[in-house]
Amino acid sequence: MRDNSDPESSSETIAAARQTLYALIARLPDELREEALRIGYDLRKRCKGPGREDTLGDYVRGTVPVITLYVETIKDECVEQGSDFQREIETTYLHEFGHHLGLGEGELEKRGL
134 MRDNSDPESS
144 SETIAAARQT
154 LYALIARLPD
164 ELREEALRIG
174 YDLRKRCKGP
184 GREDTLGDYV
194 RGTVPVITLY
204 VETIKDECVE
214 QGSDFQREIE
224 TTYLHEFGHH
234 LGLGEGELEK
244 RGL
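Numbering (my numbering), first residue to last: 134 to 246.
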């Protein structure tokens, strides 16, 4: 698993997100865990695209597929919604991982992601 984390993000927030991801991936079934370890991940403060300031995560299928989580945006949403940061990191990662596996938005919503 390739870590391309944003050094400008809060080191505590990045560390908490990274720890949550490692624990999540360790709990995945073997074949899914192997695939999760094969692709990269990126922990960024916020999405910088215009009109995307509320984006929690992205998946880009490139030479090395990468899942990006926007940890400060996730943290802000958790504060607003009164939800758990670790749970939202897991849900967002699994949502983007689902895209990697070929699932569309409708299929992910049916699975609570």
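Quick reminder that beta carbons are idealized off the backbone N, C-alpha and C, glycines included.
Under a 10 Å Cβ-count criterion, R177 is classified as buried, with 16 or more other Cβ atoms of the shown protein chains found around its own Cβ. The C-alpha of Q214 is placed about 30 Å away from the C-alpha of P162.
G173 sits in a strand when the DSSP states are folded into three classes. A distance of 9 Å or more separates the beta carbons of E205 and R185. Here C211 has D217, F218 and E221 as same chain residues with Cβ atoms under 7 Å from its own Cβ, once five neighbours each way along the sequence are excluded. Between the C-alpha atoms of P198 and L236 there is a straight-line separation of about 15 Å. Setting aside the 5 residues that flank it on each side, T225 is surrounded in the same chain by L189, G190, L202 and I207, each with a C-beta closer than 8 Å to its C-beta; the list follows chain order.
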